[in-house]
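Undergrad:
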Amino acid sequence: MATVRALETSYWPAEPGDVHDTTVCEALRHAAATVPDRVALVDCVPDAGPRESWTYAEFVADAECVARALLARFAPGDRIAIWAPNSAKWIILQHGIAMAGMVLVALNPAYRAREMSFVLRQSGATGLFCPDNHRGFDMRGMLDDIRHETSELREIVTFDEWDEFLGSADPDRELPAVGAEDVVQIQYTSGTTGFPKGAMLHHKGLLNEARHVAERAGMSDGGVYVNAMPMYHIGGGAVTSFGAWAKRGTFVILPGFDPGLLLEALETYRGTHTLVVPTMLIAMLDHPDRAQRDLSSVQTILSGAASVPASLVRRTQELLNCQFSILFGQTETHGVICQTRVTDSPEDQAETVGQPLPQLEVKIADQVTGEPVALHETGEICCRGYQNMLGYFGQEDETSATIDADGWLHLGDLGSMDERGFVTIRGRMKDMIIRGGLNIYPAEIEAALGDHPAIEYAAVIGVPDATWGEQIGAVVTVREGADRPSLRELTDYLRSQIAPHKTPVYWAFVDQMPATPSGKIQKFVLHERFEQGTLRFDAVRTSGGTAQPASAAGLP
1 MATVRALETS YWPAEPGDVH DTTVCEALRH AAATVPDRVA LVDCVPDAGP RESWTYAEFV
61 ADAECVARAL LARFAPGDRI AIWAPNSAKW IILQHGIAMA GMVLVALNPA YRAREMSFVL
121 RQSGATGLFC PDNHRGFDMR GMLDDIRHET SELREIVTFD EWDEFLGSAD PDRELPAVGA
181 EDVVQIQYTS GTTGFPKGAM LHHKGLLNEA RHVAERAGMS DGGVYVNAMP MYHIGGGAVT
241 SFGAWAKRGT FVILPGFDPG LLLEALETYR GTHTLVVPTM LIAMLDHPDR AQRDLSSVQT
301 ILSGAASVPA SLVRRTQELL NCQFSILFGQ TETHGVICQT RVTDSPEDQA ETVGQPLPQL
361 EVKIADQVTG EPVALHETGE ICCRGYQNML GYFGQEDETS ATIDADGWLH LGDLGSMDER
421 GFVTIRGRMK DMIIRGGLNI YPAEIEAALG DHPAIEYAAV IGVPDATWGE QIGAVVTVRE
481 GADRPSLREL TDYLRSQIAP HKTPVYWAFV DQMPATPSGK IQKFVLHERF EQGTLRFDAV
541 RTSGGTAQPA SAAGLP
């Protein structure tokens, strides 16, 4: 049941709760000691290998083997990168890194040369694991091309070398002691400067946050999480997976999101819980296989990362006969800070993101004074407590700009709070774009466009989209004397520099950017011109990998 309070201002004092000073390693070993034969991990990735599932005893044994193989090459505290799509190997490696006292650097497999070079240099990663190829892209070849830019990277291990890697483990090697507040993962988030920032996350924060989310979503001991979220993302690589381990449950990993495969896995493995962003959920509900699948095991659908319409909540509950839980937070807070309970009213489920998790202080702050605003008034959402990240790796200025001297982490999101402590999201202070639940930061795209020889200025804004929530729109000016590049040329150029999902769909060429006297581009003016119809975009559609321009008149 929701905590009943009568707040007088938009400040939620830390609610008592069960927070354990423990590590991910201890949680796994506890499960292996108490339910050794219970299935811990199921791999639904095609062609992943002969074994499909692991008991807790097998899972811990394999993770410890990985830890000993890592210690033959690296030292505790070293950063080890995983640049790979979802698989059981990803998960076993993740936990082997933790047991070796090392730090995982989780990388999006869609990263390309520009992003990889920066992140590997910035993190100081000494080792990297990846497949040779992914979706026809030569990952190992690209790493060889940029290897000279990453002086600290000592060894690259591809998954084709997995058995040889495991064979190097010394079974008598003692594993190091690991502390609850030791850094276990560096999760990169795009920064407003155009460069990613590596949030340092610790065992205590990841494990307790995930456990509280699972419990608020109604997961009991031995629940089954079916996961299609990417493991490099906080949702897949911590919120769902660590929630499963904390509840001694089963974690079913899918290679990625496919609505038919997710429905099949929920039926086959009797899934009780799954986390999906709204676009994924709509695709599940609309899939022709849904009505034919036995989904009676599904207890709760969790969703977040983008606005969840009330109509979608009601439709899900009706069609799947299940409960619903909405999440809100960010990577810097180890994932989730506010969540609706499955027992909350339909109105609270539809209109709020629930109350804060245990042992967290949350306030809605005046953007000038930093003091809590009056109830129901809008301000910046701030959080203080054990779930705050330790900081951005190697970026002290960025850390101090996010966590103030009093320990409040400023999320950059606008919200309000009612007298019960229920939080409602009102907007974003940052100009971040949320496309299908993924956070996309314009500065990174603008920086890449700025390197194109024909582009003088670039401004990237969010364009409303009924399916994705937002799509990416780029407004550009062409350098004097340069030929105007085609949309196909710009699209192909960006896809060679950054992940494909960050490539703009909508493009507009203008003669001059609206700017302040100091030269700062006024994006709000671009938004106003779009809404007034004076800024018109062309849309890029892709078919068979070829970009095709189409008129964007009549965009929503």
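Residue numbers (the UniProt record's numbering): 1 to 556. Where a beta carbon is used, it is the ideal one built from N, C-alpha and C, also for glycine. All values derive from a computational prediction rather than experimental measurement.
1) Strictly by DSSP, which residues pair up with C130?
2) Nearest to N388 by alpha carbon, out of Q395, T399, P309, G394?
3) Do W245 and L93 have their CB atoms nearer than 8 Å?
4) What are the uninterrupted segments assigned as beta strand (DSSP E) that are 3 or more residues long and contained completely in the region 27 to 91, given in chain order?
5) Straight-line CA distance for L120 to C65?
6) Run through DSSP, which three-state label would Q400 get?
7) Using three-state DSSP, classify A550 as helix, strand or coil.
8) Under the DSSP definition of a beta bridge, which residues are partnered with P372?
9) Take A14 and list the residues in its own chain whose beta-carbon comes closer than 7 Å to its own, dropping the five residues that flank it on each side.
10) Quick one: what does DSSP say H320 is sitting in, helix, strand or coil?
11) In the DSSP assignment, find the unbroken alpha helix (DSSP H) run with E531 in it and report its ends.
12) Sort out for me which residues DSSP pairs V478 with in a bridge.
13) To which residues does DSSP link E380 through a beta bridge?
14) What does DSSP give as the partner residues of S325 in its beta bridges?
15) Within the region 250 to 309, note down every full beta strand (DSSP E) run reaching 3 residues or more, in order along the chain.
16) Which residues in the same chain have their Cβ closer than 8 Å to the Cβ of P196, if we skip the five residues on either side of it in sequence?
17) Pick helix, strand or coil for T331, following the three-state DSSP scheme.
18) Could you tell me whether the region 285 to 301 touches the region 267 to 274, where touching means 3 or more Cβ pairs closer than 8 Å?
19) Would DSSP call Y188 helix, strand or coil?
20) Run the CB neighbour count on L71, radius 10 Å, all protein chains shown included, and call it buried at 16 or more, exposed below.
21) How would you call F137, buried or exposed, if buried means at least 16 neighbouring beta carbons within 10 angstroms?
22) Just to confirm, is the Cβ distance from G436 to T279 under 8 Å?
23) Under 8 Å between the Cβ atoms of A458 and A474?
24) Give me the Cα-Cα distance between V39 and F251, rounded to the nearest whole angstrom.
25) Using the Cα positions of C130 and R112, report the straight-line distance between them to the nearest angstrom.
26) Can you tell me which of N108, F393, D418, A291 puts its alpha carbon nearest to the alpha carbon of residue 563?
27) V213 lies in the alpha helix (DSSP H); which residues open and close that run?
28) According to DSSP, is Y506 part of a helix, a strand, or is it coil?
29) With distances taken Cα to Cα, identify the nearest neighbour of V353 among H203, I425, D144.
30) Which of the three DSSP states is assigned to I234 in this structure?
31) Touch check for the region 144 to 152 and the region 162 to 172: three-plus C-beta pairs under 8 Å?
32) Let me confirm a value: A210 is counted as buried when at least 16 other C-beta atoms fall within 10 Å, else exposed. Which label applies?
33) Can you look up R248 in the DSSP assignment and give me helix, strand or coil?
34) If you drop the 5 nearest sequence neighbours on each side, which residues of the same chain put their C-beta closer than 7 Å to that of G205?
35) Do three or more CB pairs link the region 248 to 267 to the region 223 to 237 at distances below 8 Å?
36) Between the Cα of H212 and those of L261, T340, E528, spot the shortest distance and give me the residue it belongs to.
TA: According to the structure shown:
1) Against the sequence shown, residue 130 aligns to sequence position 130. DSSP, once it has assigned bridges, lists T158 as partnering C130.
2) Position 388 of the sequence shown, counted from the start, is the residue given in the question as residue 388. Here the closest residue by C-alpha is T399.
3) Position 245 of the sequence shown, counted from the first residue, corresponds to residue 245. Position 93 of the sequence shown, counted from the first residue, corresponds to residue 93. Not in contact: W245 and L93 (Cβ atoms no closer than 8 Å).
4) The qualifying runs are 39 to 43, 53 to 55, 79 to 83.
5) Taking the sequence shown and counting its residues from 1, the one referred to as residue 120 is at position 120. Taking the sequence shown and counting its residues from 1, the one referred to as residue 65 is at position 65. CA-to-CA, the gap between L120 and C65 works out to about 25 Å.
6) Within the sequence shown, numbered from 1, the residue matching residue 400 stands at position 400. What sits at residue 400 in the sequence shown is Ser, not Gln. In the structure shown, S400 sits in a helix (DSSP, three-state: H, G or I).
7) Walking along the sequence shown from the start, residue 550 turns up at place 550. Because A550 carries a pLDDT of 31, less than 50, the predicted location of this residue cannot be relied on, and the following value inherits that uncertainty. If DSSP states are grouped into helix, strand and coil, A550 belongs with the strands.
8) Locating residue 372 in the sequence shown gives position 372, where the first residue counts as 1. In the DSSP secondary-structure assignment, P372 is bridged to A365.
9) As a working note, residue 14 is residue 14 in the sequence shown. Only Q359, L360, E361, G385 meet the Cβ criterion.
10) Sequence index remark: in the sequence shown, residue 320 carries index 320 (1-based). One point to set straight first is that residue 320 is Leu, not His, in the sequence displayed. Note: L320 maps to helix in three-state DSSP.
11) In the sequence shown, counting from the first residue as 1, residue 531 sits at position 531. That run of the alpha helix (DSSP H) goes 523 to 532.
12) Here residue 478 refers to the residue found at position 478 when the sequence shown is read from its first residue. According to DSSP, V478 shares a beta bridge with I455.
13) The residue given as residue 380 occupies position 380 in the sequence shown. For E380, which the question treats as bridged, DSSP gives the partners A365, L414.
14) Within the sequence shown, the letter at position 325 stands for residue 325. According to DSSP, S325 bridges with L302.
15) Listed in chain order, the complete beta strand (DSSP E) runs (minimum 3 residues) inside the region 250 to 309 are 250 to 253, 273 to 275, 300 to 303.
16) The residue labelled residue 196 in the question sits at position 196 within the sequence shown. Counting only Cβ-Cβ distances below 8 Å, and skipping sequence neighbours, we find E115, F118, V119, Q122, Y188, T189, S190, E444.
17) One-based indexing of the sequence shown puts residue 331 at position 331. Here T331 sits in helix by DSSP.
18) Yes, the region 285 to 301 touches the region 267 to 274.
19) Position 188 of the sequence shown, counted from the first residue, corresponds to residue 188. Reduced to three states, the DSSP call for Y188 is strand.
20) Mapped onto the sequence shown, residue 71 falls at position 71. Per the 10 Å Cβ criterion, buried.
21) Residue mapping note: residue 137 aligns to position 137 of the sequence shown, counting from 1. Under this definition F137 is an exposed residue.
22) For this step, residue 436 is matched to residue 436 along the sequence shown. For this step, residue 279 is matched to residue 279 along the sequence shown. In this structure, G436 sits near T279, with a CB-CB distance shorter than 8 Å.
23) Along the sequence shown, read from residue 1 onward, the residue named residue 458 stands at position 458. Along the sequence shown, read from residue 1 onward, the residue named residue 474 stands at position 474. Result yes, Cβ atoms of A458 and A474 sit closer than 8 Å.
24) Numbered from 1 along the sequence shown, position 39 holds the residue referred to as residue 39. Numbered from 1 along the sequence shown, position 251 holds the residue referred to as residue 251. Here the C-alpha atom of V39 lies approximately 8 Å from the C-alpha atom of F251.
25) The residue you call residue 130 lines up with position 130 of the sequence shown. The residue you call residue 112 lines up with position 112 of the sequence shown. Spanning the two alpha carbons is a distance of roughly 13 Å.
26) Nothing about residue 563 can be reported from this structure: the residues present for the chain run from 1 to 556 only.
27) To locate residue 213, count along the sequence shown from 1; it is residue 213. It spans 203 to 216 - the alpha helix (DSSP H) in which V213 sits, taken as one unbroken run.
28) What you label residue 506 is simply residue 506 of the sequence shown in a count that begins at 1. For Y506, the secondary structure class from DSSP, reduced to helix, strand or coil, is strand.
29) Here residue 353 refers to the residue found at position 353 when the sequence shown is read from its first residue. Cα-wise, what sits closest to V353 is I425.
30) Indexing the sequence shown from 1 puts residue 234 at position 234. Three-state DSSP puts I234 in a helix.
31) No: fewer than three Cβ pairs fall under 8 Å.
32) Counted from its first residue, the sequence shown places residue 210 at position 210. When all chains shown are included, A210 counts as buried.
33) Numbered from 1 along the sequence shown, position 248 holds the residue referred to as residue 248. It is coil, neither helix nor strand.
34) Here residue 205 is taken as the residue at index 205 of the sequence shown, counted from 1. Once the five neighbours on either side are set aside, the close Cβ partners of G205 are H334, Y386, Q387.
35) Per the Cβ contact rule, the region 248 to 267 is in contact with the region 223 to 237 (3 or more Cβ pairs under 8 Å).
36) Walking along the sequence shown from the start, residue 212 turns up at place 212. Of the listed residues, the one whose Cα sits closest to H212 is T340.
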